[in-house]
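Novice: Quick note on numbering: the sequence shown equals residues -21 to -1, 1 to 440 in mature numbering (1 follows the signal peptide of the UniProt record, and there is no 0).
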Amino acid sequence: MGCLRLAIAAALALAVKSASAFTIGTAPGLAAGTTGGANGTVVYPKTNEELIDYLNASEPLVVVLNKTFDFRGTEGKTTEIGCRPQSARECIAANNGFKSQDVILKNGMNNTGGCENGTETTVTYDNAYRWRMNVTSHKTIRGIGKLGVIMGKGITLRGDNIIVQNIHITELNRHLVWGGDALYMEGMVNGTKTMNNIWIDHVKVSRVGRQMLVTNKAGVATMTVSNSDFDGETDYSATCNGRHYWTILLYGKKTGVSLLNNYVHSTSGRSPKIGDKNSSVIAHVANNYWDNLSNHSFELDGNAWMLAEGNYFNSVENPLYKKGEGFLYAATGVDECTKVLGRACEENTLVSSGNFTSRDGTAALEAMKPYSAITKYSPGSDDTNSKQQSTDDSVHQSEEGASSGESVHQSNQLSLTMPMVKQYTPGSVKTSPLEQQWTQASDIEKVWAQTTRNFGVGGLD
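#1: Relative to the C-alpha of Gly312, which residue among Thr328, Pro298, Gly321 and Gly4 is closest?
#2: Report buried or exposed for Thr341, applying the criterion of at least 16 other Cβ atoms within 10 angstroms of its Cβ.
#3: Mind checking Gly52: buried by the 16 CB within 10 Å criterion, or exposed?
#4: Kindly indicate which three-state DSSP category Gly188 falls into: helix, strand or coil?
#5: Suppose the cutoff is 6 Å on Cβ atoms and the five residues either side in sequence are ignored; what does the same chain contact list for Leu192 look like?
#6: Taking just the CA atoms, how far does Gly8 sit from Tyr356?
#7: For Val330, does the three-state DSSP call read helix, strand or coil?
#8: What is the rounded straight-line gap between the Cα of Lys172 and the Cα of Ala343?
#9: Between the C-alpha atoms of Asn35 and Ala310, what's the straight-line distance to the nearest angstrom?
#10: Quick check: the Cα distance between Gly159 and Ser37, rounded to an integer number of angstroms?
#11: Kindly give me the distance between the Cβ atoms of Gly122 and Ile141, rounded to whole angstroms, as I take these residues to be in contact under 8 Å.
#12: To which residues does DSSP link Gln65 through a beta bridge?
#13: Can you tell which of Asp210, Val128, Ser237 and Thr218 has its C-alpha closest to the C-alpha of Thr194?
#14: Does the distance from the CB of Ile129 to the CB of Phe48 come in under 7 Å?
#15: So Asn297 is in the beta strand (DSSP E); what residue range does that whole segment cover?
#16: Around the C-beta of Thr354, are 16 or more other C-beta atoms found within 10 angstroms, so that it is buried, or is it exposed?
#17: So, using beta-carbon positions, are Glu278 and Ser245 closer together than 7 Å?
#18: When the Cα of Ser332 is compared with those of Asn27, Ser273, Phe1 and Glu326, which residue comes out closest?
#19: Give me the Cβ distance between Pro358 and Ala265, rounded to the nearest whole Å; I'm assuming they're in contact under 8 Å.
#20: With which residues is Phe209 paired in a DSSP beta bridge?
#21: Rounded to whole angstroms, what's the CA-CA distance from His117 to Met164? Just pull it up for me.
#22: Could you check the C-alpha separation between Ser207 and Leu30 for me, to the nearest Å?
#23: Quick one: using the 10 Å Cβ neighbour count with 16 as the cut-off for buried, is Glu326 buried or exposed?
#24: Put Thr101 into one of helix, strand or coil per three-state DSSP.
#25: Check whether the Cβ atoms of Gly235 and Gly254 lie closer than 7 Å to each other.
#26: Any idea which residues DSSP pairs Phe1 with across the strands?
#27: Please state if the CB of Gly188 and the CB of Arg153 are separated by a distance shorter than 7 Å.
#28: Just to confirm my understanding: we take Glu288, look at its own chain, exclude 5 residues before and 5 after, and list those with CB closer than 7 Å. What are they?
#29: Report the rounded CA-to-CA distance for Pro298 versus Ala352, giving the unit in angstroms.
#30: Would you kindly work out how many angstroms separate the C-alpha atoms of Thr2 and Leu286, rounded to a whole number?
#31: Take Gly321 and list the residues in its own chain whose beta-carbon comes closer than 7 Å to its own, dropping the five residues that flank it on each side.
#32: Around the C-beta of Asp314, are 16 or more other C-beta atoms found within 10 angstroms, so that it is buried, or is it exposed?
#33: Can you give the beta carbon distance from Ser205 to Asn176, rounded, assuming they're within the 8 Å contact cut?
#34: Looking at the structure shown, is Asp270 part of a helix, part of a strand, or coil, going by DSSP?
#35: Answer yes or no: the CB of Ala197 versus the heavy atoms of the ligand FAD, is any distance below 6 Å?
#36: Just to confirm my understanding: we take Val374, look at its own chain, exclude 5 residues before and 5 after, and list those with CB closer than 7 Å. What are they?
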């Protein structure tokens, strides 16, 4: 069994070196150089309305969340005709102790995704999901300790240079398909201009109706999702087994993403789904942990190129969906990376899981060559800085105008307490280096079980 060098300190318990360091560490992977609101004012929203206004402001800001922002019930509820798909009817008939999802109609019974062979039913949902909060350029959203929780409403990133760190988004109409996306990105200018420099770090998503994370339309050219917890355990499941199906969707006409050191568990599909006929997606997937997945994890479709290395799959029925036209290099004990990338790739580890094999692996590796954040990657290199981005990466940006815990709600958020200052001198914030610690692949499940208890948000009901 190969060594899975998961950076435990980076993934679970960062230490603060400076009292004013509101962003911990520096962005690894393709989002290297992202600074968010580092030179802006620090603000502490007290109400839902203030949070919305700060995130949508035109100036750089560090928006600190030190409480729960609960939007449920604040914008009313809707009861209307919806869809009960065949899968939901079969789930009711099975009477197996699980509940399925009905569907909010978007374009009628025959043209709404998820409404296969549907019949009419009545659905009731909270309206807050319908209008996500907009996050504009040069923002840092930073949760303090276990306190930064957003309930009932997701966020749409509509800008460059944004950091989202140490928050938990949850409770978006989990009983309904189309009940709400947690993190949504379609680019800027109504989805016509590609975004750059997006870093999502130490974020937990749970109990949502639709996708936990989405890129679409113009996409995000340079994004990193790191050290985050995608928790699919739910009482309403489209697959009638207590596991969320709609997890991560990576589309976009020019999307580049690094998925590093994340924890994806108790899901049943799209974990993630990458690429389609209208997309062009580069994905580097390294040092992640998939645990207890039914159906499939990766769904790789057209116009997608993926390098998967150093990942750990435990009890994953099908790590790769058998259909699809995308390109994948899944690292094994046979080293092909050195010839193409100039470095070895870390072998993936599969325990009680299905097969995970390459699809035209050489083509996938060739697609990674222009990106120094990938060619120079080493397991645990989470304090990547902007110097690690090559000129090729800069060209890629300029072309698009770049400038199992005790409770279902438990999270791996940073257990971090910071002083309540009103403001700091602009430009004075300095990032802190990450202290790294490695663990063997055979120990990773035990480590996650221990640390998620320590860093849980706690019961939210």
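We put the beta carbon where it would ideally sit given N, CA and C, even for glycine.
Specialist: Taking the coordinates as given:
#1: Thr328
#2: exposed
#3: exposed
#4: coil
#5: Leu162 and Ile227
#6: 8 Å
#7: strand
#8: 26 Å
#9: 41 Å
#10: 26 Å
#11: About 15 Å; that fails the 8 Å criterion.
#12: Bridge partners of Gln65: none, in fact.
#13: Ser237
#14: yes
#15: Tyr291 to Leu299
#16: buried
#17: no
#18: Ser273
#19: 7 Å
#20: Val184 and Val243
#21: 15 Å
#22: 22 Å
#23: buried
#24: strand
#25: no
#26: Note: Phe1 sits in no beta bridge, so no partner.
#27: yes
#28: Ala265, Ala310, Cys324, Glu325 and Asn327
#29: 25 Å
#30: 28 Å
#31: Thr354
#32: exposed
#33: Incorrect: roughly 14 Å between the Cβ atoms, too far for contact.
#34: strand
#35: You won't find the ligand FAD in this model; it holds no ligand whatsoever.
#36: Legend: pLDDT at Val374 = 32, less than 50; position of this residue unreliable, no value from coordinates given.
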